[in-house]
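Worksheet: one structure, shown below.
Residue numbers (UniProt numbering): 1 to 113.
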């Protein structure tokens, strides 16, 4: 019973980690690299529209360091070392990517109805 509860908590953590557009964008950025720097993620996010606008570099850097990357790491979706500024994929990254892929497919199907 404890294992089931732990599994449900882990799944909830992954969904929570994917609930914000910035965190989904981070996961998409990690598709091409298994490891990257926070600086590279900041550059990519500043160049992309998130919720219809381009984020400010300083704001996105602070948000990544203090909110988004720790939340993703707590869910096991990434490994994050704030001291070195590195972000790496984990086994759970594959699961999270699949959830995003399916969510994207579901959104397209819903829009065509």
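Just so you know, even glycine gets a beta-carbon here, dropped at the ideal spot from N, CA and C. All of these numbers come straight from a predicted model, not from anything done at the bench.
Bridge partners - residue i, DSSP secondary structure assignment
i, result
"residue 88", "35 and 79"
"residue 117", "No statement about residue 117 is possible, as the shown extent of the chain runs from 1 to 113 and does not include it."
Boundaries of the alpha helix (DSSP H) in which residue i is found, first to last residue
i, result
"residue 74", "69-74"
"residue 30", "First-last for residue 30: undefined, no H or E at that position."
Anticipated Cβ contact below 8 Å, residue i with residue j, distance rounded
i, j, result
"residue 31", "residue 102", "Their Cβ separation, rounded to whole angstroms, is 15 Å, which puts residue 31 and residue 102 out of contact at 8 Å."
"residue 68", "residue 23", "5 Å"
"residue 14", "residue 99", "7 Å"
Cutoff 6 Å; reference residue i; Cβ partners in own chain excluding five residues on either side
i, result
"residue 36", "87"
Sequence-distant residues of the same chain with beta carbon closer than 7 Å to residue i, five excluded per side
i, result
"residue 48", "25"
"residue 39", "85"
Close-in-space but distant-in-sequence residues of the same chain around residue i (CB under 8 Å, 5 per side omitted)
i, result
"residue 132", "Because residue 132 is not part of the residues shown, which for the chain are 1 to 113, the question remains open."
Quiz item: Are at least three pairs of beta-carbons, each pair with one atom in the region 39-56 and one in the region 90-97, less than 8 Å apart?
Solution: Result no; under three Cβ-Cβ pairs closer than 8 Å.
Quiz item: How do the region 8-18 and the region 55-67 stand: do at least 3 beta-carbon pairs fall below 8 Å, yes or no?
Solution: The region 8-18 makes no contact with the region 55-67: fewer than 3 CB pairs, one atom from each, lie closer than 8 Å.
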